[in-house]
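> Chains as they are written, first to last, in the working numbering: chain A, 1 to 515; chain B, 1001 to 1146. Virtual Cβ for every residue (Gly too), placed ideally from N, Cα, C. Computed from a prediction, not measured in an experiment: that's the story for all the values here. Structure provided below as structure tokens; questions to follow.
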């Protein structure tokens, strides 16, 4: 299995440039290649989840370590990596299948698929890289193609949003590069496992002040990419202006793969855990959960509301992981920490499913009505029956109504917070859940109900084409299926390996360095 | 954008081939001397850019040029990936980027396995990319004026 690891980067990268070449001569070839290779990536990530055990390591170029110092570029495939790769390829496949009809409105259609494949290559690269500088390189590939994709419609507000995203993203990249330089200066290595060893073994490199400075910079840099509270201002513009399948990818996958994933990988597996940093992460998560929810209530733009809701739900994920860190660092019960981290990762998985479903449904509404303002809609359930139902399922799932997946992940996070005796955080999580119901009721009422829809029947609006409904229906079925992850047998296959990697933070280092 | 005077045009015509050759030299000696694919590619693109600056732009011609360069860029990256993938195939499906060719004698021009080949592909890619960016800016500026 080891030699298949680089395929996650090779396939999307190769297909992107193949399409850039062939797309000029053969019409519509991009529309065939992209869904096929995405489907293959789904198959590959599933086969990694079911067939391989533990951590797999791949050394690019085949260079073996010299005197125990790794010199090759490492690619690491462990539980957490497999989970995120599955999310990327699954949501990516459904989003690209949706785009087959959606992109007909653009003139430079073939470039859309090229940029999309590049973004997938970047995200996969970040996730499988075991090397902090390669994380930066792939992060730039993913980020730059997402800048272009946000501005894909080249309308005024899209260009403005893309520009804002570029400026803030540029600042984030600068901070990240500075941090990498500082880490390299102090430890003399770029391999995550080796840095971790240097920080614990070599007491000079791991002085307390230096570590804190680096940690704060990293939280700022990757927090900007993940849109955690004080760094969230670019997200509502960028995610609402982008083409809808891209909004689904950005909100559903990108902010997790290039933000949350790197934060948890570095803070659990690279740095020695510290109370102050864990507290900072938890507090930032809590604040973004509340602020995002409160800001979402007042929105009238359907996609903007979803974008604010993303900030709020990212807060939930960070809260779950932060409580896990706090319990681990204060020497509390490991089972509670594991439960809390399970909740965070489970919510990460769920959020990527229902948020992409909601963005695709909003995109379907925009595709047919040409507006994003909820005040101009109403009664659309008469003319768009499938979109209306899938959007309802997504709203129920995100607000945490029982048979759907969102309920279980929020429940796990709240139970873990109570068990860890953070009662205020548990209360706030319940409160924000109520706020979530409030704004999604508003969304449902003003968009799909509220009047009899005669305005739309007169305009002869029909249901969206097959490829769009297919993706939305499959995602809403997934919303139900994901609830099965609450069953312990299923959870041990998908979530438990990822949680194990984070709980036993030293395991990652020993496995890679091989001491 | 109009072209410059006859003196500038003539001198740039004389200098351009030399710059281009120097870029090629840097690329093929990438594994022996400082520089390599990236640096040589930038120098080669400099020769193109100098020509455009001196002679002024003729838009339809530039657009055609841009398409060709885009094609070169994509095919160069594909070539790079194929070389790396060949390493994966020839090393028995184990090592991506394996150096599968003969290493030769240290210091010779033809040595170091497939690294010179990778350098040439990188050079083509960088040259095409930088020239494309420049042409895109020129075309954009003229379109905005209209």
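Identify the residues that DSSP records as bridge partners of residue 73 of chain A: which are they?
In the DSSP assignment, residue 73 of chain A is bridged to A/60.
> Does residue 17 of chain A get closer than 7 Å to chain B when you measure Cβ to Cβ?
Cβ-Cβ to chain B under 7 Å: yes for residue 17 of chain A.
> Is the CB of residue 1111 of chain B under 7 Å away from at least one CB in chain A?
Not closer than 7 Å to any Cβ of chain A, the Cβ of residue 1111 of chain B fails to qualify, so no.
> Using the Cβ count rule (16 or more neighbours within 10 Å means buried), how would you classify residue 515 of chain A?
Here residue 515 of chain A scores only 46 on pLDDT, less than 50, and its place in the model should not be relied on; the value that follows carries that caveat. Burial state of residue 515 of chain A is exposed, judged by a 10 Å Cβ sphere holding fewer than 16 other Cβ atoms.
> Given residue 1095 of chain B, which residues of its chain have a CB within under 8 Å of its CB, disregarding the five upstream and five downstream residues?
1087, 1088.
> Quick one: any contact between the segment 1016-1031 of chain B and the segment 1061-1072 of chain B, if contact means 3 or more CB pairs under 8 Å?
no
> Which residue from A/483, A/158, A/18, A/303 puts its Cα closest to that of residue 1078 of chain B?
A/18
> I'd like the list of long-range same chain contacts for residue 393 of chain A, defined as Cβ closer than 6 Å, with 5 residues on each side in sequence excluded.
476, 479
> Tell me the residue span of the alpha helix (DSSP H) that contains residue 175 of chain A.
156-187
> Whose Cβ in chain B lies nearer than 8 Å to the Cβ of residue 21 of chain A?
1071, 1074, 1075, 1078
> Mind checking whether the beta-carbon of residue 1011 of chain B lies closer than 6 Å to any heavy atom of the ligand NAD?
Here there are no bound small molecules, and the ligand NAD is not part of this structure.
> In terms of alpha-carbon separation, which member of A/437, A/200, A/92 lies closest to residue 250 of chain A?
Checking every option, the nearest Cα to that of residue 250 of chain A belongs to A/92.
> State yes or no: is the beta carbon of residue 1096 of chain B nearer than 7 Å to at least one beta carbon in chain A?
yes
> Cα-Cα, which of B/1006, B/1063, B/1023, B/1108 is closest to residue 1140 of chain B?
B/1063
> Could you round the C-beta distance between residue 290 of chain A and residue 422 of chain A to whole angstroms and report it? I think they count as a contact, below 8 Å.
With a Cβ gap of about 15 Å, residue 290 of chain A and residue 422 of chain A do not count as contacting.
> If we cut at 7 Å on Cβ distances, does residue 1086 of chain B have a partner in chain A?
no
> Does residue 1137 of chain B come within less than 7 Å of chain A when only Cβ atoms are used?
no
> Roughly how many whole angstroms lie between the Cα atoms of residue 35 of chain A and residue 116 of chain A?
Roughly 11 Å separates the two Cα atoms.
> For a test of the three-state rule: what should DSSP assign to residue 52 of chain A, helix, strand or coil?
Correct three-state label for residue 52 of chain A: coil.
> Should residue 1050 of chain B be flagged as near chain A, meaning a C-beta pair shorter than 7 Å?
no
> Roughly how many angstroms lie between the CA atoms of residue 511 of chain A and residue 55 of chain A, to the nearest whole one?
7 Å
> Going along chain C in order, which residues have a C-beta closer than 8 Å to the C-beta of residue 1081 of chain B?
Among the protein chains in the structure shown, which are A and B, there is no chain C.
> Rounded to a whole number of angstroms, what is the C-alpha to C-alpha distance between residue 302 of chain A and residue 1097 of chain B?
Whole-angstrom Cα-Cα distance: 47 Å.
> Taking only three categories from DSSP, how would you classify residue 1142 of chain B?
It is helical.
> Considering only their Cβ atoms, is the gap separating residue 384 of chain A from residue 463 of chain A smaller than 7 Å?
A contact, by the Cβ cut-off of 7 Å.
> Quick check on residue 129 of chain A: does DSSP put it in helix, strand or coil?
strand
> First and last residue of the alpha helix (DSSP H) that includes residue 208 of chain A?
208-226
> How many Å lie between residue 174 of chain A and residue 451 of chain A at the Cα?
50 Å
> Here's a check: name, in chain order, each residue in its chain whose Cβ is nearer than 6 Å to the Cβ of residue 193 of chain A, leaving out the five neighbours to either side.
509, 512, 513
> Keeping to the same chain, check which residues put their C-beta closer than 7 Å to that of residue 59 of chain A; ignore five residues upstream and five downstream.
Only 72, 74 meet the Cβ criterion.
> Output, in sequence order along the chain, the residues in the segment 145-167 of chain A whose CB is closer than 9 Å to any CB in chain B.
none
> If you drop the 5 nearest sequence neighbours on each side, which residues of the same chain put their C-beta closer than 7 Å to that of residue 299 of chain A?
305, 308
> Does the Cβ of residue 431 of chain A have 16 or more other Cβ atoms within 10 Å, making it buried, or fewer, making it exposed?
exposed
> Thinking C-alpha only, which one of A/377, A/405, A/428, A/454 is nearest residue 445 of chain A?
A/377
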